[in-house]
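Numbering (the working numbering), first residue to last: 7 to 378. Report on one structure; see the data block that follows.
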C-alpha cells in the first residue's frame, strides 16, 4: 500500500460518482434516537466527514442533520486546497462548510493544519529550499496562524499534524520544513496551533491500525508522542483514523485485538485522549454477496468500537462519510468484480445498513464518560 494510492482517492472521482448515481428512494425514517444522541448520552461525539460539493445534495444534508453532532472537512482545510499557490489563499470551500455547521448547530473539528508528507504539501513548499530554520518557521508559522486563527474559537479540535510517521521506518518523514527545522518542526506546529487556537484540543493524527504490517508504524507513533510530551509540546490527543484497509474484517482475531489494546493502553497511559477520526471499513477483498458483507462488516464494527469505547479517554467517533457512493474507498483499491463497495453506515440510496445498527449498539453499550 502506498500513501499516494490511498490518499489520491480522497479527492478523485467522488463528485462524478455522485452525479452518476441516482439517489432512488428516500432516507428511511429511523426509529429511536440518532447516533449523535446515543453518543451524547455517553459523553461522546458522533459525526462525519463532509465535502463542500455535498452541500448541493439536500438528502445528504438531511442525513447529516439527523445523525451527526460534529463535522470535519474531508479535504477543504488542507494546505494543498487553501494555499495551492504561494500567497494565494482559497478559504471559500472551508468557509462554506463552517457556515453550514454553524447554521445547523453542529460542532466542527479541523483536519489538518499540516499534512507533513511531501506528497500532500503544495508543490511550491516542496520546491522551497529554506535558507534557515527561521525562514521555514516564518512560512509555516504564518500559515498555521492564518488558518487556525481564522476558525478560532469555533473549531473545537485540530489535527495539527497528519501522517508524519513513515510506516516503513517508524521515523519522521522528511519535508522541506524538516530539512530546515529538524524533527522539532512537529513541536513547532503544536506550539503555533496552541497560540492561535488556545482552547482547541490538539491532536496528532495517523492511520496506524491493528492490521498486519502496522507494527513498526505503531511503534513510531508511540515514540513521536513520547518525544512530543517529553519536550513539552501542547498535545492533547491521538487521532486514530480507524480505516480498515489491509486485512479483512474477519481477521480481527483475539490476538490482534490484544496487540491493539496494548497500543491503546500505551497511548492512554501518556495522559492523551483518543479520537476516532476517519472510521470506515474496506470490503475490497470480501465476496460480492451484500448480506454476507454487511453482516461481517457490522460484526467487525461492533467488536472494534467495543474496544475503543472501553477507554474513557475515547471522546468521539467520526465516520469518513455517511453514504457509500461518496466514500473515497470507491476509488481506492477498487473491487475487480465492479460491485459497489459498502464501507459506510448508509448505502448509496441513503438507507441504513447493519453497520449503522452496530454503531448504535456499541454506543448504547459504551461506558459513560465526561466529554472533553
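Beta carbons are placed, not taken as given, at the ideal position from N, Cα and C, and that holds for glycine.
Out of the options, which one is the CA nearest neighbour of residue i?
i	options	result
residue 168	148, 122 and 180	122
residue 177	153, 183, 223 and 136	223
residue 335	344, 349 and 322	349
residue 213	88, 327, 377 and 245	245
residue 136	126, 187 and 174	187
residue 261	64, 138, 216 and 103	216
residue 119	43, 302, 267 and 191	191
residue 46	130, 298, 341 and 75	75
residue 318	90, 175, 274 and 235	274
residue 265	149, 310 and 293	310
residue 343	303, 363 and 291	291
residue 4	150, 154 and 89	Given a span of 7 to 378 for the chain in the structure shown, any question on residue 4 remains unanswerable.
residue 4	369, 258 and 43	Absent from the model: residue 4. The displayed extent of the chain is 7 to 378, so no value can be given.
Does residue i come out as helix, strand or coil in the three-state DSSP assignment?
i	result
residue 93	coil
residue 147	helix
residue 27	For residue 27, the pLDDT reaches just 35, beneath the cut-off of 50, and the residue's location in the model is therefore unreliable, although a value from the coordinates is still provided. Three-state result, residue 27: coil.
residue 348	coil
residue 333	coil
residue 210	strand
residue 372	coil
residue 319	coil
residue 34	Note that residue 34 has pLDDT 48, beneath the 50 cutoff, so the model's placement of it is unreliable and the number below is only indicative. In the structure shown, residue 34 sits in coil (DSSP, three-state: anything other than H, G, I, E or B).
residue 169	coil
residue 249	strand
residue 284	strand
Considering just the uninterrupted stretch of the beta strand (DSSP E) at residue i, what are its terminal residues?
i	result
residue 51	51-56
residue 138	Run containing residue 138: none; DSSP gives neither H nor E here.
residue 343	Unbroken run through residue 343: none, as it is neither H nor E.
residue 79	76-79
residue 244	243-246
On the DSSP letters alone, give me the boundaries of the alpha helix (DSSP H) that residue i sits inside.
i	result
residue 202	191-202
residue 379	Coverage of the chain is limited to positions 7 through 378, which leaves residue 379 absent and any answer about it impossible.
residue 271	260-275
What's the call for residue i, buried or exposed, on a 16-neighbour Cβ count within 10 Å?
i	result
residue 373	exposed
residue 255	buried
residue 226	buried
residue 277	exposed
residue 64	exposed
residue 322	buried
residue 109	exposed
residue 138	exposed
residue 81	buried
residue 94	exposed
residue 207	buried
Check whether the Cβ atoms of residue i and residue j lie closer than 8 Å to each other.
i	j	result
residue 69	residue 332	no
residue 351	residue 377	no
residue 166	residue 199	yes
Is residue i a contact residue of the ligand COA, with contact defined as CB to any heavy atom under 7 Å?
i	result
residue 169	The ligand COA is absent from the structure shown, which contains no ligands of any kind.
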